[in-house]
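J.: Sending over a structure as structure tokens; questions will come in a sec.
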Amino acid sequence: PLGPVPLSKDHQFQFTMLESAFLHLPHPSDSERIKLYLPRNPCPTPHYYNQGPLPHSDSLEFFQRLSTETLFFIFYYMEGSKAQYLAAKALKKQSWRFHTKYMMWFQRHEEPKLINEEYEQGTYIYFDYEKWGQRKKEGFTFEYKYLE
Amino acid sequence: FDDPPGLLEKTEYLLKEWLTIYSAAPNRDPGKTFSAYIHQMNVQGILKSDDIITRFFRLSTQMMVELCYRQIPDQTQSPSTVRAKLFHTIDAYVKLIVLLVKHSGDANAITTKTNLLNKVLGIVVGVLLQDHDVQATDFHQLPYHRILITLFLDLNAPDPVLESINYPILAAFCHTFHLLRPRKVPGFAYAWLELISHRIFIGRLLGLTPQQKRQRAYDQTPVTDVQGWNFYAQLLIDLFKYLAPFLRNAELAKPVQLLYKGTLRVLLILLHDFPEFLCEFHYGFCDVIPPNCIQMRNLILSAFPRNMRLPDPFTPNLKVDVLQEISLSPKISPDFQCYIQPSSFKKDLDLYLKTRAPVTFLSEIRTTMQQSCCEPGMRYNLSLLNAIVLYVGTQAIQHIRSKGLVPNTSTIAHSAHMDIFQNLSVDLDTEGRYLFLNAIANQLRFPNSHTHYFSCTLLYLFAEANSEAIQEQITRVLLERLIVNRPHPWGLLITFIELIKNPAYKFWHHEFVHCAPEIEKLFESVARSCM
Amino acid sequence: LGQDLTALGLNLNSPENIYPTFAGPWADAPCRPQDVEFHGPPEYIIN
């Protein structure tokens, strides 16, 4: 008596509604912030491709093993995410510093020629996100008020 | 009905204005331009009265919905492009709501802000319900799903004003989700499950400090911030109640299979991260989960407090009686005694437990449990049955302890409590007995006083059974919980191991163990894995 | 006999909580770091 029973009319209706909802299930992006870049676009891949995230790929140690350019890509194209935060942390471990006015990452190319309470001055490497490449800048003044 | 003339146009104008403002600087500081926008709303008369504000939100929400219904079928663009455009508009609308809530009244006007939020949520619910009724199988969950999740996430963003009203925000959303439960809005079921299992929602409702977790494991000083747990338990019960009729028919159609699998994932999250929650609320869950949903039930019953180390049930000569934990009563919510109805029956039950009289009461229990409905599987009031079993058991434990004793095979016998259990095991028909034994087995969980008492009770009923049919049914109830895939509750394992190991029960001498070669192999296999 | 619950895409052996990376009831894998919203420094919100 505790086995299968035919559905009542009410339950049958509920199933019918569930069935029609099944045809347009929520998409993963429905519960996420809009992604300006890299929106979710499900793409079937061969089964022997990695189908999920690599183990520990959400750790700082993993991010520290990524190339600098990869870190910049993550920082600029995945903003507002944990990935951006981890990329920033990893860049800082490599002595890159974020300039909040230019919104670019800078690294001392050599010891600054001048350091005081308000700024340091010298030759820096910076990553130009518009031209997408590292550039050298001599005689640059890095004001500390713009240091993140 | 009877929107004032021109309100629709004003609403459309204001929404477009807001969208322009929002798009101009979406992530900088919308608050800066908000004051100017409020002035516009005032000029348009939207903030003149509660009625107009309500209509404004209703019309706005309906516009969002209509936009989705218009855009979604568009095959000329990719689904992700269509969604991105829709979300841009909806997210802007939600941002407006959040700012209105945040700046409603002064910074400390909690009631004003909460009232506005409840109003908006009520309007979204109302529009959804009407849409669901009208569109039926053409109903689309997307606009409502997006509005609700974005509203929730934005209202839970780090902000001192929003933090001060966080609890009312959570309460409002829980109430909203309860109103939109799958039995009421089946077309919204998938979106609903996604909403209530969102990681931020789970974290906000169930997260406790480590000290609170330890306190909640046992019946000690109650932790004050428990409402989140109560809310979430209600939502899970809503989910189980919806699934129940479909899960009873074990062959699951694909739509149900998907919802069921999603439910299992959510339960696994809870088992891993919030086992204390499952421990506390297991009773209400088991009340609504169909008896044949054995694995799902096991999942819930396998939970144990994270600070507890379970003794290996397969340890040779494990002395359960000397474990410290079996003297501690687990906390159970809700209060199951309220399910023992009518109150006159409860009085009679208490009288019998106290005086062991009148004997006629024992048959009264059976008839009270039975319902007038004769449909298969509906003949017993399961809530009442479960409550009686747990109540009698907990009263038995108290009674034994009051005599300075501990529950064991001797002390549980020859009592009013065991009279009731023995009588039920003999007097009930197969269906009733199965449900009765299940109610006992539902208490075989992590080491605690209930697990220990009910383990002893089940073994006692086996030993004292006056027919092999009862012993067979006890075995069946245990076995079917063991042969499903993991996890298995600790109490279930130690009870079964005791049954097959202890020569006092003469388990292997029973005919039903050898009734068919497959059954014999099954028992041997289970025994091997237990030994 | 139920399902193999270890094959539902959840890292049940994790010593840390797994709900912060729960990608939802239909997902076969946890959230990737780029899927998890993080309220970092506002200067990082460049776009």
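Residue numbers (the numbering used here), protein chains in the order written: chain U, 1 to 148; chain G, 149 to 679; chain C, 680 to 726.
We put the CB at the ideal spot given by N, CA and C, even for glycine.
Can you tell me whether DSSP reads F224 of chain G as helix, strand or coil?
T.: One-based indexing of the second sequence puts residue 224 of chain G at position 76. Reading off the sequence, residue 224 of chain G comes out as Thr, not Phe. In the structure shown, T224 of chain G sits in coil (DSSP, three-state: anything other than H, G, I, E or B).
J.: Verify the CB distance criterion: does F336 of chain G have a CB-CB separation below 9 Å to chain U?
T.: Along the second sequence, one-based indexing puts residue 336 of chain G at 188. Yes, F336 of chain G lies at the interface with chain U (some Cβ there is under 9 Å from its Cβ).
J.: Which bits of chain U does V404 of chain G rub up against, with CB to CB less than 8 Å?
T.: As a first step, residue 404 of chain G is located in the second sequence; it is residue number 256 there, counting from the start. Within 8 Å Cβ-Cβ: F15, L18.
J.: Between L167 of chain G and D239 of chain G, what straight-line distance do the alpha-carbon atoms span, to the nearest angstrom?
T.: Mapped onto the second sequence, residue 167 of chain G falls at position 19. Mapped onto the second sequence, residue 239 of chain G falls at position 91. Their Cα atoms are separated by approximately 10 Å.
J.: Exposed or buried, what is E118 of chain U when buried is set at 16 or more other beta-carbons lying within 10 Å of its beta-carbon?
T.: Translated into positions along the first sequence, residue 118 of chain U becomes position 118. It counts as exposed.
J.: Can you round the beta-carbon distance between W638 of chain G and L416 of chain G to whole angstroms, since I take them to be within the 8 Å contact cut?
T.: By one-based count along the second sequence, residue 638 of chain G stands at place 490. By one-based count along the second sequence, residue 416 of chain G stands at place 268. With 8 Å as the limit, W638 of chain G and L416 of chain G do not qualify as a contact, their Cβ atoms being about 18 Å apart.
J.: For chain U, check one thing: does any of its Cβ atoms lie closer than 9 Å to the Cβ of N440 of chain G?
T.: Position 292 of the second sequence, counting from 1, holds the residue named residue 440 of chain G. Yes, N440 of chain G lies at the interface with chain U (some Cβ there is under 9 Å from its Cβ).
J.: Check for me: the alpha helix (DSSP H) holding K9 of chain U runs from which residue to which?
T.: For the purposes of this step, residue 9 of chain U is identified with residue 9 of the first sequence, where counting begins at 1. K9 of chain U -> alpha helix (DSSP H) spans 9 to 22.
J.: Name the chain G residues whose beta carbon is nearer than 7 Å to that of Y698 of chain C?
T.: The residue you call residue 698 of chain C lines up with position 19 of the third sequence. Listed along chain G are R347, I350, G351, I417, D421, each with a C-beta nearer than 7 Å to that of Y698 of chain C.
J.: Pick helix, strand or coil for Q107 of chain U, following the three-state DSSP scheme.
T.: Here residue 107 of chain U is taken as the residue at index 107 of the first sequence, counted from 1. DSSP places Q107 of chain U in strand when its eight states are reduced to three.
J.: Check the Cβ-Cβ distances between H27 of chain U and every residue of chain G, and say whether any is below 9 Å.
T.: Along the first sequence, one-based indexing puts residue 27 of chain U at 27. Closer than 9 Å to some Cβ of chain G, the Cβ of H27 of chain U qualifies, so yes.
J.: With DSSP run on the structure shown, which of helix, strand or coil describes R624 of chain G?
T.: Residue 624 of chain G sits at position 476 when you count from the first residue of the second sequence. Under the three-state reduction of DSSP output, R624 of chain G falls in the helix class.
J.: For the beta strand (DSSP E) that T123 of chain U lies in, which residues bound it at each end?
T.: Looking up residue 123 of chain U in the first sequence gives position 123. Segment 119 to 128, the beta strand (DSSP E) holding T123 of chain U.
J.: Kindly identify the DSSP beta-bridge partner or partners of R97 of chain U.
T.: Taking the first sequence and counting its residues from 1, one reaches residue 97 of chain U at position 97. In DSSP, R97 of chain U forms a bridge with U:F106.
J.: Is the separation between the beta-carbon of V580 of chain G and that of R514 of chain G shorter than 9 Å?
T.: For the purposes of this step, residue 580 of chain G is taken as residue 432 along the second sequence, with counting starting at 1. For the purposes of this step, residue 514 of chain G is taken as residue 366 along the second sequence, with counting starting at 1. A small correction: the amino acid at residue 580 of chain G is Gly; Val does not occupy that position in the sequence shown. Yes.
J.: Could you tell me whether the stretch 647 to 665 of chain G touches the stretch 689 to 697 of chain C, where touching means 3 or more Cβ pairs closer than 8 Å?
T.: no
J.: Look at the alpha carbon of T605 of chain G and the alpha carbon of A90 of chain U, and state the distance between them as a whole number of angstroms.
T.: On the second sequence, residue 605 of chain G is found 457 positions in, with the first residue counted as 1. On the first sequence, residue 90 of chain U is found 90 positions in, with the first residue counted as 1. Each residue's Cα considered, the two are about 59 Å apart.
J.: Using a Cβ-Cβ distance under 9 Å, would D373 of chain G count as near chain C?
T.: Stepping through the second sequence from its first residue, residue 373 of chain G is reached at position 225. Because the pLDDT at D373 of chain G is just 48, under 50, the model does not fix this residue reliably, and the point stays unresolved.
J.: Give me the chain D residues within the contact set of F142 of chain U, using Cβ-Cβ distance strictly less than 8 Å, ordered along the chain.
T.: Reference to chain D is not applicable here, since the protein chains of this structure are U, G and C.
J.: Take the Cβ of W132 of chain U as the centre, count every other Cβ of all protein chains shown within 10 Å, and call the residue buried at 16 or more, exposed below.
T.: Here residue 132 of chain U is taken as the residue at index 132 of the first sequence, counted from 1. With fewer than 16 Cβ atoms within 10 Å of its Cβ, W132 of chain U is classed as exposed.
J.: Using 8 Å for Cβ pairs, my map puts F111 of chain G next to V540 of chain G. What's the rounded Cβ distance?
T.: With chain G represented from 149 up to 679, any question about residue 111 of chain G goes unanswered, as that position is not in the structure.
J.: Count the other CB atoms within 10 Å of the CB of C663 of chain G; is the residue buried (16 or more) or exposed (fewer)?
T.: Numbered from 1 along the second sequence, position 515 holds the residue referred to as residue 663 of chain G. The residue in question, C663 of chain G, is exposed, as its Cβ has fewer than 16 Cβ neighbours within 10 Å.
J.: Any C-beta of chain G sitting closer than 9 Å to the C-beta of E722 of chain C?
T.: As a working note, residue 722 of chain C is residue 43 in the third sequence. No, E722 of chain C lies away from the interface with chain G (no Cβ there is under 9 Å from its Cβ).
J.: Check whether the Cβ atoms of F717 of chain C and Q84 of chain U sit closer than 9 Å, and answer yes or no.
T.: Along the third sequence, one-based indexing puts residue 717 of chain C at 38. Along the first sequence, one-based indexing puts residue 84 of chain U at 84. Contact flag set, yes.
J.: How is L114 of chain U classed by DSSP in three states: helix, strand or coil?
T.: Here the question's residue 114 of chain U lines up with position 114 in the first sequence. Three-state result, L114 of chain U: strand.
J.: Should T372 of chain G be labelled buried (16 or more other beta-carbon atoms within 10 Å of its own) or exposed?
T.: As a first step, residue 372 of chain G is located in the second sequence; it is residue number 224 there, counting from the start. Note that T372 of chain G scores a pLDDT of 42, beneath 50, so its modelled location is shaky and nothing firm can be said.
J.: Could you please give the first and the last residue of the uninterrupted alpha helix (DSSP H) stretch that includes Q382 of chain G?
T.: To locate residue 382 of chain G, count along the second sequence from 1; it is residue 234. Per DSSP, Q382 of chain G belongs to the alpha helix (DSSP H) from 375 to 396.
J.: So F142 of chain U is in the alpha helix (DSSP H); what residue range does that whole segment cover?
T.: In the first sequence, the residue the question calls residue 142 of chain U occupies position 142. It is not in any alpha helix (DSSP H) - F142 of chain U instead sits in the beta strand (DSSP E) that spans 133 to 143.
J.: Could you name the residues of the same chain whose beta carbon sits closer than 6 Å to that of W96 of chain U, not counting the 5 residues immediately before and after it, in chain order?
T.: Within the first sequence, residue 96 of chain U is the residue found at index 96, counting from 1. If we look at W96 of chain U and ignore the five residues flanking it on each side, its Cβ neighbours are W105, Q107.
J.: Along chain G, in chain order, which residues have C-beta atoms closer than 9 Å to that of L2 of chain U?
T.: In the first sequence, counting from the first residue as 1, residue 2 of chain U sits at position 2. The answer, in chain order, is R396, P438, P439, N440, P524, G525, E579, Y582, L583.
J.: So P112 of chain U contacts chain C; which residues on that side make the cut at Cβ distance below 9 Å?
T.: Taking the first residue of the first sequence as position 1, residue 112 of chain U is located at position 112. Ordered by position in chain C, no residue passes the 9 Å Cβ test against P112 of chain U, which lies about 22 Å from the chain.
J.: Looking at the secondary structure, which residues open and close the alpha helix (DSSP H) in which C678 of chain G lies?
T.: Taking the first residue of the second sequence as 1, we reach residue 678 of chain G at position 530. Looking at the DSSP string, the run of the alpha helix (DSSP H) that includes C678 of chain G is 665 to 678.
J.: Does A305 of chain G get closer than 9 Å to chain C when you measure Cβ to Cβ?
T.: The sequence position of residue 305 of chain G within the second sequence is 157, counting from 1. Taking Cβ atoms only, chain C reaches closer than 9 Å to A305 of chain G, which makes this a yes.
J.: Between S29 of chain U and P44 of chain U, is the Cβ-Cβ spacing less than 9 Å?
T.: Taking the first residue of the first sequence as position 1, residue 29 of chain U is located at position 29. Taking the first residue of the first sequence as position 1, residue 44 of chain U is located at position 44. The answer is no: Cβ separation not under 9 Å.
J.: Tell me the rounded alpha-carbon separation between I115 of chain U and Q94 of chain U.
T.: Looking up residue 115 of chain U in the first sequence gives position 115. Looking up residue 94 of chain U in the first sequence gives position 94. Whole-angstrom Cα-Cα distance: 21 Å.
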